Ligand code: PA5
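In the numbering used here, the protein residues as written are 254 to 681.
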């Protein structure tokens, strides 16, 4: 068992027997593809299928080519077309500037200052672009891509630009596919039956990861093994379903917010990915938990006061990693003016672990906030692949328990229509 849903700190014992039938029924509807939005269940067995696909060796090869030939990879995408890649790259390679190829995120904003500065920075760099858009018409992404393309073509010429651009898009239709065919860009496919927020195990997430040197085979194997484990229909034996039922139960009892907490700054983007997954999948028909996130210790010194003593509209879900990827000892000091010698010789992980225990005690026992603890041994490519799938499966179950379609996002279109009308786009 790679991930354990520890419910010892939620302040009650959930009667899972009363959910058994409902969970088994939903599980069947996922397997038989009969539930709402079932045209978008391609992610369920995607990892296994992709491991056998012809595209994967080409993707790994292209990742290597980009890594060996460029200084900066610009990932141009938004929402499901960038959050998974960013989450994985930061979780597995950190947030500090990289020694080899570095990564820059664009296509998720209209901010002219940010975009101008990014282009000015790229002007003197040997950069490549992975533009990612299923529809090809997402305005944030398309505008940034037009600017990036112009910069490459004007500076290096059309042929060099062609080599530097790789597109990930729908395999059959869309503006980006048409443009890529016309310009001769290498393309990778986001399958039609997988939505953006479930696409991290496709080329959408995997190509930027491969370019940054991440072992994408290990990540896919993690997701594949998770798919096997979470096929279990019995909620008492399925950790992903246990998590889904618990959060649903707390919602039914009146909690409005789920605060997803990590203790690793490198996992902040994973919490962003998680927020999109649950927010876009569940937040409809006036229902569902608002997905929020925090990074401890950082946020203990900002949100900590509210969590401990503010209005209790939320519960916490803590991702607890048992082993850090690296550790270091705390040095002794002969004067001990900072009073830290009582920790000398201990590893930093000892302090992190005690902080985690102290916070859990303060929040769960002290303030009575239900705390779900998701326990995972470590953060490597395999376990991250496992974790992505854990959340995807839990999210599908959770949305279905709420009676909503986990795979559409009708609300996202409202701002777009208004914006297009205000911009004077033809037809709006
Ligand atoms: O999950 C989703 O469907 C969205 O976040 C989309 O991925 C996002 O809006 C980007 O869309 P596209 O890939 O069509 O540019």
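Glycine residues also receive a C-beta, built at the ideal position from the N, C-alpha and C atoms.
Because the structure is a prediction, the values reported are computed rather than measured.
Cα atoms of residue 438 and residue 678: separation of roughly 27 Å, rounded to the nearest angstrom. Here the C-alpha atom of residue 390 lies approximately 11 Å from the C-alpha atom of residue 431.
For residue 513, no alpha helix (DSSP H) segment is defined; the enclosing uninterrupted segment is the beta strand (DSSP E) at 510–515. Three or more Cβ pairs closer than 8 Å define a contact, and the region 476–496 meets that threshold against the region 263–278. Inclusion of residue 255 and residue 479 in the CB contact set at 8 Å is warranted, their separation being smaller than that value. Around the beta-carbon of residue 380, 16 or more other beta-carbon atoms lie within 10 Å, marking it buried. Taking C-beta separations shorter than 8 Å and ignoring five residues to either side along the sequence, the partners of residue 648 in its chain run 497, 530, 531, 534, 535, 659, following chain order. In terms of CA proximity to residue 317, 354 leads the group 274, 639, 354, 299. Relative to the non-hydrogen atoms of ligand 1, the Cβ of residue 515 never comes closer than 7 Å to any of them. For residue 447, the shortest separation between its Cβ and any heavy atom of ligand 1 does not lie below 7 Å. At least one heavy atom of ligand 1 lies less than 7 Å from the C-beta of residue 529.
Taking a C-beta distance under 8 Å as the contact criterion, residue 443 and residue 456 qualify as a contact pair. Distance from the CA of residue 404 to the CA of residue 415, rounded to the nearest whole angstrom, comes to 12 Å. For residue 659, no alpha helix (DSSP H) encloses it, and the DSSP letter there is neither H nor E. For residue 477, same chain residues with a beta-carbon under 7 Å away, outside a window of 5 residues either side, are 300, 301, 304 in chain order.
For a cut-off of 8 Å, the C-beta gap from residue 470 to residue 338 is around 16 Å, too long to register as a contact. Excluding five sequence positions before and after residue 577, the CB atoms of its chain that fall closer than 7 Å to its own CB belong to 602, given in chain order. Assignment of residue 453 by DSSP, reduced to helix, strand and coil, places it in the coil class.
The shortest CA-to-CA distance from residue 552 to any of 517, 539, 579 is the one to 517.
Between the region 361–371 and the region 393–400 there are three or more inter-stretch CB-CB distances shorter than 8 Å, so the stretches are counted as touching. At a threshold of 7 Å, residue 366 does not count as near ligand 1, since its beta carbon sits no closer than that to any of the ligand's heavy atoms. The region 497–564 is shown to contain whole beta strand (DSSP E) runs of 3 or more residues at 510–515, 543–548, in chain order. Judged by DSSP in its simplified three-state form, residue 409 adopts helix. Taking one beta carbon from each stretch, the region 632–642 and the region 606–616 have fewer than 3 pairs nearer than 8 Å; the two do not touch. Residue 273 and residue 324 have their C-alpha atoms spaced approximately 52 Å apart. Selection 596, 527, 661, 574 evaluated against residue 627 yields 574 as nearest (Cα-Cα). If you ignore the 5 residues before and after residue 645, its C-beta comes within less than 8 Å of the C-beta of 296, 451, 530, all in its own chain and listed in chain order. Taken in chain order, the whole alpha helix (DSSP H) runs of length 4 or more contained in the region 364–406 are 365–375. Looking from the CA of residue 538, the closest CA among 590, 447, 653, 638 belongs to 653.
Beta-bridge analysis with DSSP links residue 420 to 384, 440. In this structure residue 486 touches residue 280 by the C-beta definition: roughly 4 Å separates them, less than 8 Å. Annotated three-state conformation of residue 462 is helix, per DSSP. From the listed residues 663, 556, 666, the smallest Cα separation to residue 512 is found for 556. Judged by DSSP in its simplified three-state form, residue 349 adopts coil rather than helix or strand. Membership of residue 469 in any beta strand (DSSP E) is not indicated; the residue belongs instead to the alpha helix (DSSP H) covering 469–482. Cβ-Cβ distances below 8 Å link residue 586 to 593, 594, 597 in the same chain, with the five nearest sequence neighbours on each side left out; the list follows chain order.
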